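Residue numbers (the numbering used here): 5 to 205. Note that CB positions come from ideal geometry on N, CA and C, so glycine has one too. Being a predicted model, the structure only gives us computed values, none of them experimental. Report on one structure; see the data block that follows.
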């Protein structure tokens, strides 16, 4: 049986080699013996502490654990890339924020809030990025699609859940959106700044 340091080395190797975040279930498969979820979380927390103060950090996201570059070093890495990060229009960012706060929503809901027609290209660009998806259809005439954010959206923002997003009031001034979430509704949010940063991932 591996000792804790050896187990951490196995976890570190797997996480550094992985293309996508790894769940606890996937990480447990690394070991022949059964390692409990609590033990695995403790080892991951220790590994995260081991990487403190370095250019790369271990983070726990919506879809699992991964190593990622610390945000303050992203500007340096961008100098190595010949591709410019995608830039999103204000319409795209406003639409994304509305979906994140009010999900699930239809295109009609978004148009009511923004006061303008939502272009098909806006929805397509968010779907292509993997930030939103159709999660159902509203049972009204025409059965319009209901949109919600995805785990990829949270992963790209470095978050585990919508509860970690900034308060609605904090971004409503940035996007000039009036807070309209009912008091008993659990809000989620997307910021223009955060989403723009995620676009550079």
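- In terms of Cβ geometry, residue 70 and residue 8 do not form a close pair [threshold 7 Å].
- Segment contact: the segment 86-95 against the segment 39-52, fewer than three CB-CB distances shorter than 8 Å; contact not assigned.
- Put simply, the segment 128-138 touches the segment 91-108. At least three CB pairs are less than 8 Å apart.
- Here DSSP, grouped into helix, strand and coil, assigns residue 105 to helix.
- Residue 142 and residue 110 do touch by the CB rule: their CB atoms are close to 6 Å apart, below 8 Å.
- In the structure shown, the three-state DSSP call for residue 112 is helix.
- As DSSP reads the structure, residue 11 sits in no beta bridge.
- For the 7 Å CB-CB criterion, residue 28 and residue 18 do not form a contact.
- Distance from residue 112 to residue 145 at the Cβ level is roughly 11 Å; contact not present, criterion being Cβ atoms closer than 8 Å.
- Residue 166 holds the alpha-carbon nearest to the alpha-carbon of residue 103 among 80, 166, 75 and 159.
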